[in-house]
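Novice:
2 protein chains.
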Amino acid sequence: MLKPSDNLVDAIYADLRLKLQRSAVSPTDRLVDTEIANAHGISRMPAREALLRLVSEGYLVGTTRGFAVRELSLDDISGLFEVRRQLEPRAAACAARDMTPEIEAEITAAMNRVELSLSQSDIPALLAANVDFRNAWLKAVNNPHMAATISRFIDYFQSVRLGTFADPATAGLYIDGLSRIHAAFLAHDPLMVQDRMTLFMFAAEEAYLSVRRRQLQEAATARPARRRIQKRGTA
Amino acid sequence: MLKPSDNLVDAIYADLRLKLQRSAVSPTDRLVDTEIANAHGISRMPAREALLRLVSEGYLVGTTRGFAVRELSLDDISGLFEVRRQLEPRAAACAARDMTPEIEAEITAAMNRVELSLSQSDIPALLAANVDFRNAWLKAVNNPHMAATISRFIDYFQSVRLGTFADPATAGLYIDGLSRIHAAFLAHDPLMVQDRMTLFMFAAEEAYLSVRRRQLQEAATARPARRRIQKRGTA
DNA sequence: TAGACAAAATCAGTATACGGTTTCTGTAGG
DNA sequence: CCTACAGAAACCGTATACTGATTTTGTCTA
Chain X
789 MLKPSDNLVD AIYADLRLKL QRSAVSPTDR LVDTEIANAH GISRMPAREA LLRLVSEGYL
849 VGTTRGFAVR ELSLDDISGL FEVRRQLEPR AAACAARDMT PEIEAEITAA MNRVELSLSQ
909 SDIPALLAAN VDFRNAWLKA VNNPHMAATI SRFIDYFQSV RLGTFADPAT AGLYIDGLSR
969 IHAAFLAHDP LMVQDRMTLF MFAAEEAYLS VRRRQLQEAA TARPARRRIQ KRGTA
Chain H
789 MLKPSDNLVD AIYADLRLKL QRSAVSPTDR LVDTEIANAH GISRMPAREA LLRLVSEGYL
849 VGTTRGFAVR ELSLDDISGL FEVRRQLEPR AAACAARDMT PEIEAEITAA MNRVELSLSQ
909 SDIPALLAAN VDFRNAWLKA VNNPHMAATI SRFIDYFQSV RLGTFADPAT AGLYIDGLSR
969 IHAAFLAHDP LMVQDRMTLF MFAAEEAYLS VRRRQLQEAA TARPARRRIQ KRGTA
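Chain order of the listed sequences is X and H.
Okay, so the first sequence: first residue is 789 according to my numbering, each after it adds one.
Okay, so the second sequence: first residue is 789 according to my numbering, each after it adds one.
(1) So X/E859 packs on X/P815, CB below 8 Å; how close in whole Å?
(2) Against chain X, with Cβ distances strictly below 8 Å, would H/N931 count as a contact?
(3) Report the three-state DSSP secondary structure of H/G850 (helix, strand or coil).
(4) Bridge partners of H/A856, per DSSP?
(5) Could you give the residue range of the alpha helix (DSSP H) that holds H/Y962?
(6) Measuring CB to CB, does X/G846 end up less than 8 Å from H/M934?
(7) My understanding is that H/L961 touches H/I865, with C-beta atoms under 8 Å, so please give their C-beta distance in whole angstroms.
(8) Got a sec: which bits of the segment 816 to 842 of chain H sit with their beta carbon under 9 Å from any beta carbon on chain X, in order along the chain?
(9) H/V948 to H/R1000, Cα distance in whole Å?
(10) Between the segment 873 to 891 of chain H and the segment 980 to 999 of chain H, can you find at least three pairs of beta-carbon atoms closer than 8 Å?
(11) Taking the Cβ atom as the reference point for each residue, do X/T937 and H/T937 lie within a distance shorter than 8 Å?
(12) Pull up the CB-CB distance for H/V813 and H/L819, whole angstroms please, since I reckon it's below 8 Å.
(13) Please list the terminal residues of the continuous alpha helix (DSSP H) segment that includes X/M934.
(14) Output yes if chain H places a C-beta closer than 8 Å to the C-beta of X/Q874; else output no.
(15) Quick one: list the residues of chain X neighbouring H/S844, beta-carbon separation under 8 Å, in chain order.
(16) Say whether chain X places a C-beta atom closer than 8 Å to the C-beta of H/M934.
(17) Is H/A928 near H/D886, with beta carbons less than 8 Å apart?
(18) Taking 8 Å as the cut-off, decide whether the C-beta atoms of X/F988 and X/I969 are in contact.
(19) Using the Cα positions of X/E1006 and X/L950, report the straight-line distance between them to the nearest angstrom.
(20) Figure out for me which residue from X/P932, X/L906, X/N931 and X/S939 has the closest Cα to the Cα of X/D955.
(21) Residues of chain H with CB closer than 9 Å to the CB of X/R922, please, in chain order.
(22) Would you tell me roughly how many angstroms separate the C-alpha atoms of X/V857 and X/L848, rounded to the nearest one?
(23) Any residues in the segment 933 to 952 of chain H with a beta carbon nearer than 7 Å to a beta carbon of chain X? Which ones, in chain order?
(24) Answer yes or no: does any C-beta atom of chain X fall closer than 8 Å to that of H/V871?
(25) Let's see if you can read the secondary structure: which residues bound the alpha helix (DSSP H) around H/A917?
(26) Assess contact between the segment 830 to 839 of chain X and the segment 792 to 802 of chain X, defined as three or more Cβ pairs (one per stretch) separated by less than 8 Å. Is contact present?
(27) What does the alpha-carbon distance come out to for the pair X/F945 and H/R873?
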């Protein structure tokens, strides 16, 4: 690890970002600069700067005791999906139009891995394959600003995604939508991709909302009213 | 100055961000952490972190000699507008639907200032009023993620906007589109707002492209082939 | 005058240090 | 057993210092 670029901050950032995408950081975890620093054998500053960047991008929040993954409110989920609905169907349609055979193969490979890991109930693998599928089709999006924005908005959900896949029924529905999109990609039909992505967006929003609602309820019953995460807003 | 929050980084960041929005930093300027630091009477690190944040958000690029405002390629402009086209018409429609009388007054006030400064050829005031108009209607957008994303995408154009307003003909067309949007807001017609914003997006894209094209040509003739701005990508 | 080359300056990246605030822990008292 | 409080620890924010890379500047030579 620690390869990307000659820059320590970028390296740490990439490492953390990957961990976040893979849901390898739980909301109860606390990321502390000094820990990360001497885990990588470097000083505090690069680690700190990487963390700060993740905060300014909205993935983490600063607490008085280390950095934590940002937890989404129900409003956050609705709002984020409103944006995703505007962008992803259109972007996916572009991808379908401009797809190369190589990328098509990548998408298919990712889809296969998704289905395999679903059948084996291998959640971590499912998570990873899911990320791969998304990254694969985003590669065919020629507009880097569009792709980056979409990537970012998807990554906000990392803390909820785990919960979505944990429930077999929800996961099944989710994967079903994904495979319909995949089929549309194979048909090279931009409009079909667009429509199915739109449908998928609504289904995904529902799924995330219901999972998060349940999470919040459980949390509320578990601890009547505690916890404090303040300081340093999302900018 | 230097008020926002008890945090030096945020303060510097807000200060710089405002300067950028106002096009108060030219592409030939170089922002250096040490300079900013002792201009504000603080140490390098907060200034540096603010600059780094602006880099990671895509407003600045790091060079081997200070930080500079990011210059947009023609492809950047097209790409950014593709995203804006997906988001702003929809968001403006929401704003029209949810507008309060207070915000409506703000929008009108900003519009008046836009027209006044245009008639007086006061470019800085025009720039500021333009920012105000945008911020006013964005206030009526209930989805903070949507509003933040739009704000960000608009701000990318700060380095080109100056050129757009410098040409009276272009500026006139631009303001005309704006006033049509304003009228639609006053009519409280979300659909009319949406349509006019869509139209405006295309007109604005054309304007920015032609201004930038001219800028690039002039630069090319001025210096046959020089300049180097590398190191530290947009992330 | 133009080119080569060395010395100096500039600036980003990284490391280390210190202060202050919040949270945790352990102990004493109810 | 629970609460109150004092001390300790954790951790963020900021400052300062060092290093190495790159660019600029100045000088010398053809």
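Yeah, the Cβ is synthetic: ideal placement off N, Cα and C, and Gly gets one too.
Specialist: Per the coordinate set shown:
(1) Counted from its first residue, the first sequence places residue 859 of chain X at position 71. Counted from its first residue, the first sequence places residue 815 of chain X at position 27. Indeed, because the Cβ distance is near 6 Å, the residues count as touching under 8 Å.
(2) Taking the second sequence and counting its residues from 1, one reaches residue 931 of chain H at position 143. Output row for H/N931: interface = yes.
(3) Against the second sequence, residue 850 of chain H aligns to sequence position 62. Note: H/G850 maps to strand in three-state DSSP.
(4) Taking the first residue of the second sequence as 1, we reach residue 856 of chain H at position 68. H/V849, per the DSSP bridge assignment.
(5) Residue 962 of chain H sits at position 174 when you count from the first residue of the second sequence. Note, H/Y962: alpha helix (DSSP H), P956 to L974.
(6) Position 58 of the first sequence, counting from 1, holds the residue named residue 846 of chain X. Position 146 of the second sequence, counting from 1, holds the residue named residue 934 of chain H. No; because the gap between Cβ atoms is not below 8 Å, this pair is not in contact.
(7) Locating residue 961 of chain H in the second sequence gives position 173, where the first residue counts as 1. Locating residue 865 of chain H in the second sequence gives position 77, where the first residue counts as 1. Wrong, their Cβ atoms sit about 17 Å apart, outside the cutoff.
(8) M833, R836, E837, L840 and R841
(9) Here residue 948 of chain H corresponds to residue number 160 of the second sequence, with the count starting at 1. Here residue 1000 of chain H corresponds to residue number 212 of the second sequence, with the count starting at 1. Each residue's Cα considered, the two are about 7 Å apart.
(10) yes
(11) Position 149 of the first sequence, counting from 1, holds the residue named residue 937 of chain X. Position 149 of the second sequence, counting from 1, holds the residue named residue 937 of chain H. Yes; because the gap between Cβ atoms is below 8 Å, this pair is in contact.
(12) By one-based count along the second sequence, residue 813 of chain H stands at place 25. By one-based count along the second sequence, residue 819 of chain H stands at place 31. Contact holds; Cβ gap of about 7 Å.
(13) In the first sequence, the residue the question calls residue 934 of chain X occupies position 146. Per DSSP, X/M934 belongs to the alpha helix (DSSP H) from P932 to D943.
(14) Taking the first residue of the first sequence as 1, we reach residue 874 of chain X at position 86. Cβ-Cβ to chain H under 8 Å: yes for X/Q874.
(15) Position 56 of the second sequence, counting from 1, holds the residue named residue 844 of chain H. By Cβ distance, chain X contributes R841, S844 and E845.
(16) In the second sequence, residue 934 of chain H corresponds to position 146, counting from 1. For H/M934, the answer is yes, since a Cβ of chain X falls inside 8 Å of its Cβ.
(17) Numbered from its first residue, the second sequence carries residue 928 of chain H at position 140. Numbered from its first residue, the second sequence carries residue 886 of chain H at position 98. It is a contact, given that the beta carbons lie within the stated cut-off.
(18) Counting from one through the first sequence, the residue named residue 988 of chain X turns up at place 200. Counting from one through the first sequence, the residue named residue 969 of chain X turns up at place 181. Yes, Cβ-Cβ distance for X/F988 and X/I969 is below 8 Å.
(19) Counting from one through the first sequence, the residue named residue 1006 of chain X turns up at place 218. Counting from one through the first sequence, the residue named residue 950 of chain X turns up at place 162. Cα to Cα, the separation comes out at about 16 Å.
(20) Stepping through the first sequence from its first residue, residue 955 of chain X is reached at position 167. Ranking the options by Cα distance to X/D955, first place goes to X/L906.
(21) To locate residue 922 of chain X, count along the first sequence from 1; it is residue 134. Those do not exist, as X/R922 stays about 18 Å from chain H at its closest Cβ, beyond 9 Å.
(22) Locating residue 857 of chain X in the first sequence gives position 69, where the first residue counts as 1. Locating residue 848 of chain X in the first sequence gives position 60, where the first residue counts as 1. The straight-line gap from Cα to Cα measures roughly 4 Å.
(23) H933, M934 and T937
(24) Position 83 of the second sequence, counted from the start, is the residue given in the question as residue 871 of chain H. Yes, H/V871 lies at the interface with chain X (some Cβ there is under 8 Å from its Cβ).
(25) As a first step, residue 917 of chain H is located in the second sequence; it is residue number 129 there, counting from the start. Its alpha helix (DSSP H) spans residues I911 to K927.
(26) yes
(27) Walking along the first sequence from the start, residue 945 of chain X turns up at place 157. Walking along the second sequence from the start, residue 873 of chain H turns up at place 85. X/F945 and H/R873: Cα-Cα distance of roughly 24 Å.
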